[in-house]
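K.L.:
Each protein sequence line maps, in turn, to chains A and B. Position one of the first sequence corresponds to residue 0 (numbering that gives the first Met the number 0), numbered consecutively onward. Position one of the second sequence corresponds to residue 0 (numbering that gives the first Met the number 0), numbered consecutively onward. Pasting a structure here, questions to come.
Number of protein chains: 2
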Amino acid sequence: MRSKKAIFDLIPIGIYMMSDFTPLFDYVEKLSGKVLSADEKQIFMRHFKSKKLKKRQYFLQEGDVCKYTGFVVKGSARTFTVDEKGHEHILKLSVENWWLNDFESFYQLTPSRFNIQALEDMEILQITNALVDEFIKPIPAFAAMQNVISQNYTIAAQKRMQSAISQSGEQRFQELINEYPHFLQRFPQNMIASYLGLSPETLSRIRKNALK
Amino acid sequence: MRSKKAIFDLIPIGIYMMSDFTPLFDYVEKLSGKVLSADEKQIFMRHFKSKKLKKRQYFLQEGDVCKYTGFVVKGSARTFTVDEKGHEHILKLSVENWWLNDFESFYQLTPSRFNIQALEDMEILQITNALVDEFIKPIPAFAAMQNVISQNYTIAAQKRMQSAISQSGEQRFQELINEYPHFLQRFPQNMIASYLGLSPETLSRIRKNALK
DNA sequence: TGTATTTAATGACTAAAGTCAAGATCCAGC
DNA sequence: GCTGGATCTTGACTTTAGTCATTAAATACA
Chain A
0 MRSKKAIFDL
10 IPIGIYMMSD
20 FTPLFDYVEK
30 LSGKVLSADE
40 KQIFMRHFKS
50 KKLKKRQYFL
60 QEGDVCKYTG
70 FVVKGSARTF
80 TVDEKGHEHI
90 LKLSVENWWL
100 NDFESFYQLT
110 PSRFNIQALE
120 DMEILQITNA
130 LVDEFIKPIP
140 AFAAMQNVIS
150 QNYTIAAQKR
160 MQSAISQSGE
170 QRFQELINEY
180 PHFLQRFPQN
190 MIASYLGLSP
200 ETLSRIRKNA
210 LK
Chain B
0 MRSKKAIFDL
10 IPIGIYMMSD
20 FTPLFDYVEK
30 LSGKVLSADE
40 KQIFMRHFKS
50 KKLKKRQYFL
60 QEGDVCKYTG
70 FVVKGSARTF
80 TVDEKGHEHI
90 LKLSVENWWL
100 NDFESFYQLT
110 PSRFNIQALE
120 DMEILQITNA
130 LVDEFIKPIP
140 AFAAMQNVIS
150 QNYTIAAQKR
160 MQSAISQSGE
170 QRFQELINEY
180 PHFLQRFPQN
190 MIASYLGLSP
200 ETLSRIRKNA
210 LK
């Protein structure tokens, strides 16, 4: 049985940790539509580890297995590939309340084709695949959240695919402005260009035309 | 209590139906890694309805809600959009053992942005969202299958996005040949071109060059 | 089998986007 | 504030892919 002293000792840690985890708890509850119990929150806090990444630091490098999935508490990152000409192509821009990983590599434990790199100083909560399976997936709110995410992701991927196939660079740029207007403030233009599948020069010219 | 006669009456129907449903059962069992009980199979057979589509017939038209999800037993279809210039862009080619729907419209019951049209005479097994939720999702093998599908789909969408953003028309075509070699035999070249985001003329020229 | 329709190939031209190079501007860190 | 790297703009040119028009080939099907 726990003494009053022991409980007291835990409080400062608890308070400190809780504030870190609040965004994650809010996110899981919001997407799943379920409430997390105090016990369930403890499970999260025991198995997710806080990690800081400096700007330009890599979360994952091509060829490595994506051992962790991370929840972005603060900062941003890009997921990109490098083609045979040495050009980088950004597939995903991740900001607060997004997950950071390469699905394929993380679930199948195969070497990744992607690089994931911090664009700003970051704070993430990360966990391994094995620990997710053993401790986190059994939490109903988490499993429900996963289903919602994969549904949303599938829909978003389809939309993006549609614009990649059927729209001009300019149209894709306009769409990005509408969907993620803050991206323009937050990320350098060459990153936006790479995300749209355009050269930085082309995006610069598109913007110039759009303003006239 | 059921008489011997009544059971006997059911057998021919059962046998007839079973043969239709075999591909679906095999598919669910394979993807989920679980075995379906006789009772569970009966649930499938009670709620999925067989439907035939003639070549060129529409399964879904832009602006309509995608009321059904269909499992392709035989034939093929394309999912496409029409842009403001009247050009069609194929997002998905569906053949045997694939599902036929617009996720977004089907789950959210919103008007679809896509058309789905048979490219060959088709035979599908279809069901509404409400019936899936009530009768089919509770079957563990089906729920497990859904998770596997959404994982696979997410990975495939990411791969396709990567090639759309970072590869030339020719490279995308080569990749298609490697991944789905039978598509070239089965579908007209202009459909393949549309799927790759190319004009039919460009694909024709790419093929000519590749042969030299 | 013959004819209409669809699909594919090709040439000439146009449009969109990429490449390379140079200069301007912005900004982080000392 | 100064300085070096990063980012952005612009011009000249090249490459890639789209468009339009025409002809050829394949296919459907009556």
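C-beta atoms are modelled at their ideal positions from N, C-alpha and C, and glycine is treated no differently. All of these numbers come straight from a predicted model, not from anything done at the bench.
1) Can at least three beta-carbon pairs, one atom from the segment 114-124 of chain A and one from the segment 46-66 of chain A, be found at a separation below 8 Å?
2) Tell me which residues of the segment 85-108 of chain B have at least one Cβ-Cβ distance to chain A shorter than 7 Å, keeping chain order.
3) Quick one: residues in its chain with C-beta nearer than 7 Å to the C-beta of K136 (chain A), no 5 flanking neighbours on either side, listed in chain order?
4) Could you name the residues of the same chain whose beta carbon sits closer than 7 Å to that of E174 (chain A), not counting the 5 residues immediately before and after it, in chain order?
5) In chain A, which residues lie less than 8 Å from T153 (chain B) when you measure between Cβ atoms?
6) Say whether chain B places a C-beta atom closer than 7 Å to the C-beta of G168 (chain A).
7) Which first and last residues belong to the alpha helix (DSSP H) in which S193 (chain B) is found?
8) Can you list, in chain order, the residues of the segment 158-192 of chain A whose Cβ is nearer than 7 Å to any Cβ on chain B?
9) What residues of chain B sit near D82 (chain A), judged by a beta carbon separation below 8 Å?
10) Can you find at least 3 beta carbon pairs, one from the segment 31-38 of chain B and one from the segment 76-91 of chain B, that sit closer than 8 Å?
11) Below 8 Å, how does it come out for the segment 44-51 of chain A and the segment 122-137 of chain A: are there three or more Cβ pairs, yes or no?
12) By the three-class DSSP mapping on this structure, what secondary structure does E95 (chain A) have?
13) Please say whether L90 (chain A) and T109 (chain A) have beta carbons closer to each other than 7 Å?
14) Of all the options A:F70, A:K207, A:T80 and A:H46, which has the alpha carbon lying nearest to the alpha carbon of W98 (chain A)?
15) Just the chain A side, please: which residues come within less than 8 Å of G196 (chain B) by C-beta, in chain order?
16) Would a C-beta distance cut-off of 7 Å place V27 (chain A) and A140 (chain A) closer than the cut-off?
17) For T68 (chain A) versus N100 (chain A), is the C-beta distance shorter than 7 Å?
18) On the premise that L30 (chain A) lies in contact with M144 (chain A), defined as a C-beta separation below 8 Å, what is that separation, rounded to the nearest angstrom?
19) I'd like the span of the beta strand (DSSP E) that includes F47 (chain A), first residue to last.
20) What's the gap between the Cα of T127 (chain A) and the Cα of H46 (chain A)?
21) For V94 (chain A), which residues in the same chain have their Cβ closer than 6 Å to its Cβ, ignoring the five residues on either side in sequence?
22) Please report the distance separating the alpha-carbon of Q166 (chain A) from that of E61 (chain B).
23) State the Cα-Cα distance for the pair K158 (chain B) and D25 (chain A), rounded to the nearest angstrom.
24) I'd like to check one pair, N189 (chain B) with P215 (chain B): are the Cβ atoms closer than 7 Å?
25) With DSSP as the reference, identify every bridge partner of V64 (chain B), one or two as the case may be.
26) Less than 7 Å between the beta carbons of I138 (chain B) and E39 (chain B), yes or no?
27) Let me confirm a value: T21 (chain B) is counted as buried when at least 16 other C-beta atoms fall within 10 Å, else exposed. Which label applies?
28) With a cut-off of 7 Å, does the C-beta of S2 (chain A) fall near any C-beta of chain B?
29) Within 7 Å of any Cβ in chain A, is that where the Cβ of I205 (chain B) sits?
30) In terms of residue numbering, what span does the alpha helix (DSSP H) encompassing E178 (chain A) cover?
P.N.:
Here's the rundown:
1) yes
2) H88, L90, F102, E103 and Y106
3) A142
4) S162
5) F102, S149, Y152, T153 and A156
6) no
7) Q188 to L195
8) R159, M160, Q161, A163, I164 and S165
9) S165 and Q166
10) no
11) yes
12) coil
13) no
14) A:F70
15) A163, I164 and S165
16) yes
17) yes
18) 4 Å
19) It is not in any beta strand (DSSP E) - F47 (chain A) carries neither H nor E in the DSSP assignment.
20) 9 Å
21) S75
22) 18 Å
23) 31 Å
24) In the structure as shown, chain B begins at 0 and stops at 211. Residue 215 (chain B) is therefore absent and cannot be evaluated.
25) B:P110
26) yes
27) exposed
28) With a pLDDT of only 46 at S2 (chain A), under the threshold of 50, the placement of this residue in the model should not be trusted; the figure read from the coordinates follows. No, S2 (chain A) lies away from the interface with chain B (no Cβ there is under 7 Å from its Cβ).
29) no
30) G168 to E178
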